[in-house]
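J.: If you scroll down you'll find the structure; I have some questions about it.
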Ligand SMILES: Cc1cc2nc3c(=O)[nH]c(=O)nc-3n(C[C@H](O)[C@H](O)[C@H](O)COP(=O)(O)O)c2cc1C
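Residue numbers (our numbering): 27 to 427.
Rendered as structure tokens:
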């Protein structure tokens, strides 16, 4: 009898990705698979990584004011972005060189985003070309660009994005120069990664990662082949400084870009409300409040803390989004409560990709969906749409009597 109970209790099947229950689990799973030099590149930030930490801890400072007994049996996590439905209000931030963590790189991420009904923002620095990525999906793709020193290169990317049916353009403005990524300097992070004597053992302990990297296509910037290529063994920071960033850029560049791109145009990397107003004046359709995940200027405010001022300044005329530190469904809803139309995640999709390729990213997005749904019920607001600052503890007139 007792043995029968024990037999029913035992479940020794490998759990695989199903055993991962949160974004934090994905981070741990990724770090078990990746050599230190790569996991540091993904997780690290600039200088003292103060902003990386602030992005996370600021969410914890925000508390809910839950309301009960209001029938939350019929719930919806979906929304609309630029007039098109979005099944999940969590989009994938642009992040370059995804093939570093999984050989299917951005192809896997694009397919996973399509399955989840969300947007994938392809980085200018993607490992596959923007055309190769659009060829594997009918989902919503946006392209992120930097302001290069040469308008010709940006203009060419814009034409290619249009031809490949990209829906929106995202201009990243927070990289006049690359932030000081201390971990990358110490580790010798380059394209391809430089394996120094100090990291040989660590890399050899990740033979599957090494085998994948060696078996996969050459690690490069797929959309930029022919335009500019990294000069063998160059540090990523040096390459971006030399080619992708433009310290001389001014708001005139946004006006120029507006002139050549007719679809939705977003500006990413805004922290100050005055910059959001300027972007609006120059014809932007959307703002992504972001500090580049704490990878650029350190000691920036957490994105979630910068969001309300931007929303107050331009939120009634332009779609406002945020990224930085979003790790739970509850974080997504806090951002919505403070005025974001939807959010983006960067590191979480890299960790999920490293942990399980396309399946990993799908599972991670599924976890977000489930967490958002559950939090909606617990907060007492059945729809993503109906979440507002009145759900946040301590906001004026919102403390329950
Ligand atoms: C590995 C990595 C590469 C990134 N590459 C880019 C990029 O090419 N262009 C860009 O605009 N932002 C890039 N970012 C920043 C992300 O778009 C995003 O702003 C940031 O990751 C959000 O913070 P989170 O990682 O806490 O979600 C990158 C971030 C990471 C982690």
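Even glycine gets a Cβ: it sits at the ideal position worked out from N, Cα and C.
None of these values were measured; they are calculated from a predicted model.
Could you name the residues that DSSP lists as bridge partners for residue 314?
T.: By one-based count along the chain shown, residue 314 stands at place 288. In DSSP, residue 314 forms a bridge with 294, 347.
J.: Within this structure, are the beta carbons of residue 357 and residue 146 separated by less than 7 Å?
T.: In the chain shown, the residue the question calls residue 357 occupies position 331. In the chain shown, the residue the question calls residue 146 occupies position 120. In this structure, residue 146 does not lie closer than 7 Å to residue 357 by Cβ.
J.: Which full runs of the alpha helix (DSSP H) of 4+ residues lie inside the region 191 to 271, going along the chain?
T.: With a minimum length of 4 residues, the continuous alpha helix (DSSP H) runs that stay inside the region 191 to 271 are 208 to 213, 223 to 230, 233 to 241, 262 to 265.
J.: State buried or exposed for residue 150, treating a residue as buried only when at least 16 other CB atoms are found within 10 Å of its CB.
T.: Within the chain shown, numbered from 1, the residue matching residue 150 stands at position 124. By the neighbour-count rule (16 or more Cβ atoms within 10 Å), residue 150 is buried.
J.: Quick check on residue 76: does DSSP put it in helix, strand or coil?
T.: One-based indexing of the chain shown puts residue 76 at position 50. Looking at residue 76 - three-state DSSP - the assignment turns out to be helix.
J.: Considering only the beta carbon of each residue, do residue 350 and residue 200 sit closer than 7 Å?
T.: As a first step, residue 350 is located in the chain shown; it is residue number 324 there, counting from the start. As a first step, residue 200 is located in the chain shown; it is residue number 174 there, counting from the start. Cβ distance not < 7 Å, so residue 350 and residue 200 don't count as in contact.
J.: Residue 306 and residue 344: beta carbons closer than 7 Å?
T.: Position 280 of the chain shown, counting from 1, holds the residue named residue 306. Position 318 of the chain shown, counting from 1, holds the residue named residue 344. Closer than 7 Å, so yes.
J.: Please find out if some non-hydrogen atom of ligand 1 comes closer than 6 Å to the beta-carbon of residue 319.
T.: Within the chain shown, the letter at position 293 stands for residue 319. Correct: residue 319 has its Cβ closer than 6 Å to ligand 1.
J.: Any contact of the region 51 to 66 with the region 199 to 218, i.e. 3+ C-beta pairs under 8 Å?
T.: Output reads yes: the region 199 to 218 touches the region 51 to 66.
J.: Just tell me which of 376, 241, 224 has its CA closest to the CA of residue 57.
T.: If you number the chain shown from 1, residue 57 lands on position 31. The shortest C-alpha separation from residue 57 is found at 376.
J.: Per DSSP, residue 370 forms a beta bridge with which residues?
T.: Counting from 1 along the chain shown, the entry for residue 370 is found at position 344. DSSP output for residue 370 lists 117, 349 as bridge partner(s).
J.: Report the rounded CA-to-CA distance for residue 95 versus residue 394, giving the unit in angstroms.
T.: Working through the chain shown from its first residue, we reach residue 95 at position 69. Working through the chain shown from its first residue, we reach residue 394 at position 368. Their Cα atoms are separated by approximately 24 Å.
J.: By DSSP, does residue 127 sit in helix, in strand, or in coil?
T.: In the chain shown, counting from the first residue as 1, residue 127 sits at position 101. Residue state, collapsed to three classes: coil.
J.: Quick one: what does DSSP say residue 146 is sitting in, helix, strand or coil?
T.: As a first step, residue 146 must be located in the chain shown, where it is residue number 120. Strand at residue 146.
J.: Could you spell out the range, first to last residue, of the alpha helix (DSSP H) harbouring residue 157?
T.: Here residue 157 refers to the residue found at position 131 when the chain shown is read from its first residue. It spans 156 to 161 - the alpha helix (DSSP H) in which residue 157 sits, taken as one unbroken run.
J.: Distance, Cα to Cα, residue 334 vs residue 353?
T.: Locating residue 334 in the chain shown gives position 308, where the first residue counts as 1. Locating residue 353 in the chain shown gives position 327, where the first residue counts as 1. So the alpha carbons of these two residues sit roughly 19 Å apart.
J.: Have a look at residue 103 and residue 121 and give me their C-alpha separation to the nearest angstrom.
T.: To locate residue 103, count along the chain shown from 1; it is residue 77. To locate residue 121, count along the chain shown from 1; it is residue 95. Those two C-alpha atoms are separated by around 25 Å.
J.: Any chance the CB of residue 350 is under 6 Å from a heavy atom of ligand 1?
T.: The residue given as residue 350 occupies position 324 in the chain shown. Yes, the beta carbon of residue 350 sits closer than 6 Å to at least one heavy atom of ligand 1.
J.: Do you know whose CA, among 219, 367, 327, lies nearest residue 342's CA?
T.: Taking the chain shown and counting its residues from 1, one reaches residue 342 at position 316. When only C-alpha atoms are compared, the closest one is 367.
J.: For residue 166, write down the residues that DSSP places opposite it in a beta bridge.
T.: Stepping through the chain shown from its first residue, residue 166 is reached at position 140. Partner(s): 145.
J.: Give a yes or no on whether the C-beta atoms belonging to residue 273 and residue 203 are separated by under 7 Å.
T.: The residue labelled residue 273 in the question sits at position 247 within the chain shown. The residue labelled residue 203 in the question sits at position 177 within the chain shown. In this structure, residue 203 lies closer than 7 Å to residue 273 by Cβ.
J.: So residue 324 and residue 76 are in contact, right, with Cβ under 8 Å, and what is the actual spacing, rounded?
T.: For this step, residue 324 is matched to residue 298 along the chain shown. For this step, residue 76 is matched to residue 50 along the chain shown. Right, the Cβ-Cβ distance comes to about 5 Å (below 8 Å), so this counts as a contact.
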